[in-house]
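K.L.:
Please see the structure below; I have some questions.
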Amino acid sequence: MQAVLENDIALSQIHYDITSIYFEGEYEESDTIDYGYSRDNRPDAKQLNLGVHVSGEAGIPLAYRVLAGRTPDRTTPLENMHALDQLFDQLQRQEDFLLVSDRAMLDKAVLAVYEEKGVHWLGPLSADGSLREVLASVTDGELAQHPLDYRPVNQPADEPLRYYGVLRETTIEHEGQEVHIQALVVKSRAKVKLDRDRRQTYHKRLTDRLEEIQGVLNARRYMRKSYAQKQIDKALRGNPAKRLVDVALAGEDGNLTLTYQVDKEKVAEAAALDGRYLLGTNQHTLDAHQMLVRSNGRKWSSAASRRSKDHSGAPSFPAQG
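In this note's numbering, each number is its position in the sequence shown, counted from 1, plus 1.
Right, here's the structure in full:
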């Protein structure tokens, strides 16, 4: 707070993210320290979450809210608006700003509220429904003609550019409300291999398990169709490759048949989108380069937010409700 006031730090761009701190011990009497999604890869440990605001240019922590460890990211953006209002009131400043956050905090309901309140936002979007069509609407040839002059800090200067992007105008609908946005279809050369390897890993994990079930079908507990189906459902649950494989369990108890077949057309469709993702904004004055640079700035601002675990001097806003 004091640094912002004394140095007139720009607040034209604010990054909002969730970080967490995990704890050793039971903490049975705590209302905030609880199990939840673990960013520290410690699902066995209780944690609390911090909703952190960081200035876009200087990466200075501005404010934080303590949230229960069980709080899902997607439930925090609207309450976060109250924290931002308090921040600007304390600073006695009123200015337009761009709020940058991640995919989990930019669902359709949140974007509809941002539209009503006139909040400018930027961040990655989940490519489902109509947005998946937008992601697929750009050809690789078109992307190749639109390289983005952006290099991560760890990329050598003599290495070819890694990112390509094409802008599209589209509309998101939520409960009858239309939100007009600018979407940037981004392709990352580095992400192409990551997506392919990830799909192949999940695909193999699924088909290996289905093959295991085939091998024990009609024996012991697997004689019961209800039990066999439960195990199949368990194998499918949470596996992104499940939409690529058609699975069918037929027959009666003791005479069951399990078949599965890879849908080659869906595999080809998925492969065509390897390396791609969507950035969205309602700030239509931003060009493709600005969208990528400002969104990727979220990565180092998130690191700055983790430093706020120590006493940063940022004002604390209690969790709402």
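Yeah, the Cβ is synthetic: ideal placement off N, Cα and C, and Gly gets one too. Please read these numbers as outputs of a predicted model, since none were measured by experiment.
Spatial neighbours of Q14 within its chain, please: C-beta separation below 6 angstroms, excluding the five flanking residues on both sides.
P.N.:
By 1-based counting over the sequence shown, the position of residue 14 is 13. Closer than 6 angstroms at the Cβ level, and outside the excluded window around Q14, lie G57, L99.
K.L.:
My output table needs one value for Q178: the three-state DSSP class, helix, strand or coil.
P.N.:
On the sequence shown, residue 178 is found 177 positions in, with the first residue counted as 1. Note: Q178 maps to strand in three-state DSSP.
K.L.:
Relative to the C-alpha of Y38, which candidate in Y23, D32, S31, E29 has its C-alpha closest?
P.N.:
The residue labelled residue 38 in the question sits at position 37 within the sequence shown. The residue among Y23, D32, S31, E29 with its C-alpha nearest the C-alpha of Y38 is Y23.
K.L.:
Within 10 angstroms of the Cβ of R295, are there 16 or more other Cβ atoms? Answer buried if so, exposed if not.
P.N.:
Working through the sequence shown from its first residue, we reach residue 295 at position 294. Result: buried.
K.L.:
Would a C-beta distance cut-off of 8 angstroms place M292 and L185 closer than the cut-off?
P.N.:
Residue mapping note: residue 292 aligns to position 291 of the sequence shown, counting from 1. Residue mapping note: residue 185 aligns to position 184 of the sequence shown, counting from 1. Result yes, Cβ atoms of M292 and L185 sit closer than 8 angstroms.
K.L.:
Can you round the beta-carbon distance between L49 and S21 to whole angstroms, since I take them to be within the 8 angstroms contact cut?
P.N.:
As a first step, residue 49 must be located in the sequence shown, where it is residue number 48. As a first step, residue 21 must be located in the sequence shown, where it is residue number 20. Confirmed, about 7 angstroms.
K.L.:
Check the DSSP bridge columns for K47 and list the partner residues they point to.
P.N.:
Counting from 1 along the sequence shown, the entry for residue 47 is found at position 46. For K47, which the question treats as bridged, DSSP gives the partners F24.
K.L.:
What would DSSP say about A11, mapped onto helix, strand or coil?
P.N.:
Here residue 11 refers to the residue found at position 10 of the sequence shown. Residue state, collapsed to three classes: coil.
K.L.:
Give me the residue from V167, E270, V53 with the minimum Cα distance to L106.
P.N.:
What you label residue 106 is simply residue 105 of the sequence shown in a count that begins at 1. As written in the sequence, residue 106 is Met, which differs from the Leu given in the question. Cα-wise, what sits closest to M106 is V53.
K.L.:
Using the three-state DSSP reduction, which class does L132 fall into: helix, strand or coil?
P.N.:
For this step, residue 132 is matched to residue 131 along the sequence shown. In the structure shown, L132 sits in a helix (DSSP, three-state: H, G or I).
K.L.:
Report the three-state DSSP secondary structure of Y17 (helix, strand or coil).
P.N.:
Position 16 of the sequence shown, counted from the start, is the residue given in the question as residue 17. Note: Y17 maps to strand in three-state DSSP.
K.L.:
Which of helix, strand or coil does DSSP assign to Y36?
P.N.:
Position 35 of the sequence shown holds residue 36. Correct three-state label for Y36: coil.
K.L.:
Answer yes or no: do K47 and Y65 have a C-beta to C-beta separation smaller than 8 angstroms?
P.N.:
Indexing the sequence shown from 1 puts residue 47 at position 46. Indexing the sequence shown from 1 puts residue 65 at position 64. No, these two residues do not count as a Cβ contact at 8 angstroms.
K.L.:
Measuring alpha carbon to alpha carbon, tell me which of A242, L85, G26, I182 ends up nearest Y203.
P.N.:
By one-based count along the sequence shown, residue 203 stands at place 202. Here the closest residue by C-alpha is A242.
K.L.:
Put V154 into one of helix, strand or coil per three-state DSSP.
P.N.:
The residue you call residue 154 lines up with position 153 of the sequence shown. Here V154 sits in coil by DSSP.
K.L.:
State the DSSP-derived secondary structure class of K127, mapped to helix, strand or coil.
P.N.:
Working through the sequence shown from its first residue, we reach residue 127 at position 126. Strictly speaking, residue 127 in this sequence is Ser, with Lys absent from that position. Note: S127 maps to coil in three-state DSSP.
K.L.:
Opposite D247 in the DSSP bridges: which residues?
P.N.:
Locating residue 247 in the sequence shown gives position 246, counting from the first residue. According to DSSP, D247 bridges with Q262.
K.L.:
In the DSSP assignment, the alpha helix (DSSP H) including Y203 goes from what residue to what residue?
P.N.:
Mapped onto the sequence shown, residue 203 falls at position 202. Residues 190-217.
K.L.:
If we call anything under 8 angstroms between Cβ atoms a contact, is V55 one with I61?
P.N.:
Taking the first residue of the sequence shown as 1, we reach residue 55 at position 54. Taking the first residue of the sequence shown as 1, we reach residue 61 at position 60. In contact: V55 and I61 (Cβ atoms closer than 8 angstroms).
K.L.:
In the DSSP assignment, what are the bridge partners of H54?
P.N.:
Position 53 of the sequence shown, counted from the first residue, corresponds to residue 54. Paired residue(s): Y17, A64.
K.L.:
Quick check on E29: does DSSP put it in helix, strand or coil?
P.N.:
In the sequence shown, the residue the question calls residue 29 occupies position 28. E29 falls in the coil class under three-state DSSP.
K.L.:
So what's P148 in DSSP terms, helix, strand or just coil?
P.N.:
By one-based count along the sequence shown, residue 148 stands at place 147. Note: P148 maps to strand in three-state DSSP.
K.L.:
Would you identify the three-state DSSP class for T77, choosing helix, strand or coil?
P.N.:
Here residue 77 refers to the residue found at position 76 when the sequence shown is read from its first residue. Coil at T77, not helix or strand.
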